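Residue numbers (our numbering), protein chains in the order written: chain A, 61 to 600; chain B, 8 to 186. Positions of the beta carbon are idealized from the N, C-alpha and C atoms, including for glycine. All values reported here derive from a predicted model rather than from experimental measurement.
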Amino acid sequence: MSTVIRIGTSTCGQAAGAESVVSAVNAYVDRRQVPVTVQRTGCLGACHNEPLVEVTDNDVAVLYGPVSPERVSLVLDRHFGGGGGRWVDPSWILSRRPDHDDFPFLARQTKVTTRLCGVIDPMSLDDYLANGGYMALRDALRMPPEKVIAAVKDSRLRGRGGAGFSTGTKWEITRRQPASPKFLICNADEGDPGAFMNRTMIEGDPHRVLEGMLIAAWAIGASKGYLYVRAEYPLAVKALRNAIRQAAEYGVTGKNILGSGLDFEFVIKEGAGAFVCGEETALMHSIEGQRGTPSMRPPYPSVAGLWGYPTNINNVESFASIPSILLHGPAWFAALGTEQSGGTKAFALTGAVRASGLVEVPLGTPLRTLVEEIGGGCKSDRPVKAVQLGGPSGGCVPAELLDTRIDYEDLRRTGAIMGSGGMVVVDDTTCMVDFARYFLTFTQDESCGKCVPCRVGTRKMLGILTKICHGQGTHQDLERLTRLCETVRTGSLCGLGTTAPNPVLTTMRYFEREYVAHVDAGLCPAGICSMRPGTSTRAA
Amino acid sequence: MHRRVSANPIRRFNYQGDPLAEPAPADLMEILDRYRGQRDALITVLEEIQARYSFLPAKHLQYASRELGFPLAQVYGISTFYNVFKLTAPGRYQVRVCKGTACHVNRSSAMLDHLSEKLGIHEDETTADGLFTLQTVACMGACSLAPVMVINDQTYGRMTPDLSWEILSELVATERPRV
């Protein structure tokens, strides 16, 4: 094996300037005439250290970051001589081992769905095949569909979009429907602000998602699969288009796939920027070319979905888990997690935390491990105040509950939710009232307007929160806010509305004193709210 | 979606003679012809029109309605429901400030205020010279590099108000001779 230089060029890498690093590396290689392969990869997850450059050889693997274009020749001289032994800042060396076990951010993770992200070239089918790609599909096509479904059920994989419904059971229900054709939808409309799990997976390892969908198609008897990708993810769309073309050439889409009799085709649908389209019925309306507004359930999509036909909708991460389940067995996958939920979950760890990025851990891991051991605590050296999970649909878990295990039920008990994987850490410079108001601004803006509790309720809630942030709130406002939360939660049509009060409810539950300080003393303890009408926040 | 829609494009929908007396431009027809008869294609059609013209010209929506048989109300409904569709011509550079959660707690609003003041425009407005349109975006998914600014397709991470203006100033400097 010759020397390989890998550079992470996902959206996050590009934002950190990875393209100019690629140019600098190529220029270095040309100038020095060193025999290496320069490879563009997805993101390893250590986004805070980007741009990332990894140099691997037979027995050497050194991961560097952040590598600016100016640092390129310094770093590469270490491997290819020259430069007269110029000094490389030791802090740029993140890991010296191929398994990255000496890099705390990666060492504590268990990578299943993101195993190849940042390792392979996402545009290369050969890279995927060389790492066991499409082996699980070959296995699955030799099994009766019922056995595939049984394996997925046994793995205790639950919906990674956040709802946590058993994936195997959902497949079984869809399979049992007499109507045909049946459709598959991969929900990649990752609209939660502060979440980028799906983006990283698609940009870093797109074939894994396709393979998961193909296995689902076999199990369910589906003939067409839609990938609904968010408009803000152009690189992800590009990676998928390329992967679908390669899959067709390789013979894993189209007619009679690998001689199994399965016919299946992929269609990419680009979203058009509406958060509510992450909700499954709204998403289906959007695919049908209509406004993305939700419908009453039941009937569930499994029974009557796209154009009235049985439709199985799973999140990107659920599909990405499937190949590993079949390759390593459902028992292996189940053992990774807890009694109720198998496998791992990816989180987008961001906010005030020192080391931020994409993190994948087994279910059952305490929140504290993510925040303190992987994330390294707050970059400000201030104490962690809370962790916000699940974006605008989720809630805040206060610092004293950091030992809560990451599992659907455990998190729900705190008032927060698992969500799709957004995890924002805040320190004591964040005002929780302003934080709740931030999420309400978002949900109010994104409410599709179909049902009154959501359309009017979120607006009224936002009004009250704004009043409080301006120092004009009263105790009566707090009571009214609590009551409104209940109305919106119980009265709304879809998940957007029913979960919209969560950020308010959890901050009121754990940080009531801050609300009271705003109301009684006209003070914002964190010093964020201006306490004056007409201004949003104090100047940073 | 509670979106502010400037009055101009709506007014242009008013009937003034036959706005479609002329045949549709050839490049528009090329898009429409590819989706003729597909009932689920309206969003994709509009995305393609916007990709070609950088926004949705009112007349083109009328052509799309007539050629593909969608009621104009439905075409207009879709165009205003989804955030990506723009009914007015954007500036040469579309500056989008991310207001995702991570960007919010890292003070992206200060960057937005700064750019707004320096450019002399509010959110969703375009500078008089047609160079810059200032917008916000819910999340770009580059949260570890918050706060993030996007200019056309280029993403800039780890921004500060001053740094973001510096980048825009460089664009102004390169564009000046041409404008």
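Check whether GLY68 of chain A and LEU104 of chain A have beta carbons under 8 angstroms apart:
yes
Helix, strand or coil for VAL81 of chain A? Go by DSSP, reduced to three states.
helix
Hey, is THR181 of chain B's beta-carbon within less than 8 angstroms of any beta-carbon in chain A?
no
Check this for me: beta carbons of ASP249 of chain A and LEU343 of chain A, under 8 angstroms apart or not?
yes
Counting pairs of Cβ atoms below 8 angstroms between the region 529 to 538 of chain A and the region 509 to 519 of chain A, do you hit three or more?
no
Go to ASN302 of chain A, then tell me how far its alpha helix (DSSP H) extends in each direction, as first and last residue.
294 to 310
Taking the beta strand (DSSP E) that LYS329 of chain A falls in, what are its first and last residues?
325 to 330
Can you check whether the C-beta of SER416 of chain A is within less than 8 angstroms of a C-beta belonging to chain B?
yes
Short CB-CB distance (under 8 angstroms) between HIS129 of chain B and chain A:
no
Quick one: using the 10 Å Cβ neighbour count with 16 as the cut-off for buried, is ASP463 of chain A buried or exposed?
exposed
Assigned exposure category for ASP487 of chain A - 16 Cβ within 10 Å defines buried
buried
For ASP487 of chain A, the three-state DSSP class (helix, strand or coil)
strand
Tell me whether GLY260 of chain A is buried or exposed, calling it buried when 16 or more other Cβ atoms sit within 10 Å of its Cβ.
Checking the sequence, you will find Thr at residue 260 of chain A rather than Gly. So THR260 of chain A ends up on the buried side.
Please classify MET147 of chain B: does DSSP put it in a helix, a strand, or coil?
coil
Contact the region 258 to 278 of chain A vs the region 97 to 116 of chain B: 3+ CB pairs below 8 angstroms:
no
Decide if PRO204 of chain A is buried, meaning its Cβ has at least 16 other Cβ atoms within 10 Å, or exposed.
exposed
Quick check on the DSSP output: the alpha helix (DSSP H) that includes PHE603 of chain A runs from which residue to which?
This structure gives no information on residue 603 of chain A, because the portion of chain A shown stretches from 61 to 600.
Environment of GLY321 of chain A [buried if 16+ CB atoms lie within 10 Å]
exposed
Determine, using beta carbons only, whether THR187 of chain B and VAL102 of chain B come nearer to each other than 8 angstroms.
Residue 187 of chain B lies beyond the stretch modelled for chain B, which goes from 8 to 186, so this question has no answer here.
With a threshold of 16 other CB atoms inside 10 Å of the CB of SER440 of chain A, please say whether the residue is buried or exposed.
exposed
Reducing DSSP to helix, strand and coil, say where GLY69 of chain B ends up.
The displayed chain sequence assigns Gln, not Gly, to residue 69 of chain B. GLN69 of chain B falls in the helix class under three-state DSSP.
What residue does the beta strand (DSSP E) around PRO32 of chain B start on, and which one ends it?
Careful: PRO32 of chain B lies outside any beta strand (DSSP E) and carries neither H nor E.
Please list the partners that ARG351 of chain A has in chain B, where partner means a Cβ-to-Cβ separation under 7 angstroms.
GLY84, ILE85, PHE88
Distance check for CYS72 of chain A and ALA78 of chain A, CA to CA, integer angstroms please.
9 angstroms
Could you check whether the Cβ of ALA211 of chain A sits closer than 7 angstroms to any heavy atom belonging to the ligand GDP?
The ligand GDP is absent from the structure shown, which contains no ligands of any kind.
Taking the alpha-carbon positions, what's the THR167 of chain B to ALA412 of chain A distance?
16 angstroms
So, with DSSP's three-state summary, where would you put VAL336 of chain A?
helix
Pop quiz: GLN504 of chain A and THR518 of chain A are said to be a contact at Cβ under 8 angstroms. What is the actual Cβ separation, rounded to whole angstroms?
4 angstroms
Can you check whether the CB of PRO266 of chain A is closer than 8 angstroms to the CB of ALA303 of chain A?
yes
At the level of alpha carbons, what is the spacing between HIS108 of chain A and SER416 of chain A?
5 angstroms
Taking 6 angstroms as the limit between beta carbons, can you name the residues of its chain near PHE163 of chain A, skipping five residues before and five after?
LEU154, SER155
For HIS129 of chain B, does the count of other Cβ atoms within 10 angstroms reach 16, so buried, or fall short, so exposed?
exposed
Helix, strand or coil, according to DSSP, for TYR60 of chain B in the structure here?
helix
Measure the alpha-carbon distance for ALA600 of chain A versus GLY178 of chain A and round it to whole angstroms.
With a pLDDT of 36 at ALA600 of chain A, under the threshold of 50, the modelled position of this residue cannot be trusted, and the question is left open.
Along chain B, in chain order, which residues have C-beta atoms closer than 7 angstroms to that of ARG259 of chain A?
GLY148
Can you list, in chain order, the residues of its chain whose CB lies under 6 angstroms from that of PHE407 of chain A, leaving out five sequence neighbours each side?
VAL419, GLY481, MET483
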